Amino acid sequence: MELTLYREDPILRETRHLPAQVYNLARLLLAHADKPCVFVPIRSMQYLAVIDREEIVFVDREQPSLVQLAWQSFHRQERSALNERIEFEAAFYTRDSLGLMARLMSEFPPAMQAMADKDRVEAPAAVLPFPGRQG
Numbered sequence: 003m004e005l006t007l008y009r010e011d012p013i014l015r016e017t018r019h020l021p022a023q024v025y026n027l028a029r030l031l032l033a034h035a036d037k038p039c040v041f042v043p044i045r046s047m048q049y050l051a052v053i054d055r056e057e058i059v060f061v062d063r064e065q066p067s068l069v070q071l072a073w074q075s076f077h078r079q080e081r082s083a084l085n086e087r088i089e090f091e092a093a094f095y096t097r098d099s100l101g102l103m104a105r106l107m108s109e110f111p112p113a114m115q116a117m118a119d120k121d122r123v124e125a126p127a128a129v130l131p132f133p134g135r136q137g
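Right, dumping it as structure tokens:
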């Protein structure tokens, strides 16, 4: 799928914090993809999230080529553990996007988890013998 997105200068930028499990899941989805980005439909909001190496952008079904909101400038190196929240910058591009953050924080993680669950490999486990052990 190819998607061309447009954005103007943001009307507001804010420093925010993203829970570790949300950030880690986004990185995991991207790592498992064979492409430079991942499209995550947020069906409950009729939004599409686009995850790439540098940012996560959100577009509305009503205006699919216009970026509404972007999460950028993730401060990965400031974490000392993988379970610590991560600081980022939220760039709001439309007036409608100013009220989206709370809802995205509750709807985006389950949408990512649903994608991750679809990609889960279900295979039988095997016990491998260790050479040299009698037993």
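Those letters in the sequence shown? Residues 3 to 137, by my numbering.
Backbone N, C-alpha and C define an ideal beta-carbon position, used for all residues, glycine too.
Quantities reported herein were computed from a predicted structural model and do not represent experimental measurements.
Could you check how far apart the C-beta atoms of residue i and residue j are, in whole angstroms? I think they sit under 8 Å.
i: valine 69; j: tyrosine 95; result: 5 Å
i: histidine 19; j: arginine 87; result: 5 Å
Please report how far the alpha carbon of residue i lies from the alpha carbon of residue j, in whole angstroms.
i: leucine 31; j: methionine 114; result: 8 Å
i: leucine 14; j: lysine 37; result: 30 Å
i: serine 67; j: asparagine 26; result: 27 Å
i: methionine 107; j: proline 133; result: 49 Å
i: arginine 81; j: threonine 17; result: 16 Å
i: alanine 22; j: leucine 130; result: 34 Å
Comparing alpha-carbon positions, which option in the options lies nearest residue i?
i: glutamate 56; options: His77, Ser67, Ile44; result: His77
Based on DSSP bridge pairs, tell me the residues matched to residue i.
i: glutamine 79; result: In DSSP, glutamine 79 forms no bridge with anything.
i: histidine 19; result: Glu89
Going by the beta-carbon positions, is the gap between residue i and residue j smaller than 8 Å?
i: serine 75; j: phenylalanine 90; result: yes
i: phenylalanine 41; j: valine 24; result: no
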